[in-house]
Amino acid sequence: MRYVCPNGHASWAPTNSHIWCRSCSRASANDDDVDPEHYAVRDKKTGELINYSRVELVE
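First residue of the sequence shown? That's 25 in my numbering, and the numbers climb one at a time after it.
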């Protein structure tokens, strides 16, 4: 997957105003200091952090 959460996980899902990452959620459940809610995605190809408001989801 080209677009990942800021922590590099591909297991994210869109919500109304942000993305929610399953892998970050699991890490936070194990007492890691990780927030599963993100307001940007990272483009693995360019390294750019893209604000969620600029993300267009297509099927």
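All residues carry an ideal CB built from backbone N, CA and C; glycine is no exception.
As the crow flies, the alpha-carbon of D55 is around 16 Å from that of N31. Counting only the Cα atoms, H33 lies some 13 Å from L73. Counting of Cβ neighbours within 10 angstroms places R26 among the exposed residues, the total staying below 16. In the DSSP assignment, A37 falls within the beta strand (DSSP E) that extends over W36 to P38.
The distance from the Cβ of S49 to that of P38 is about 15 Å, inconsistent with a contact at the 8 Å cut-off.
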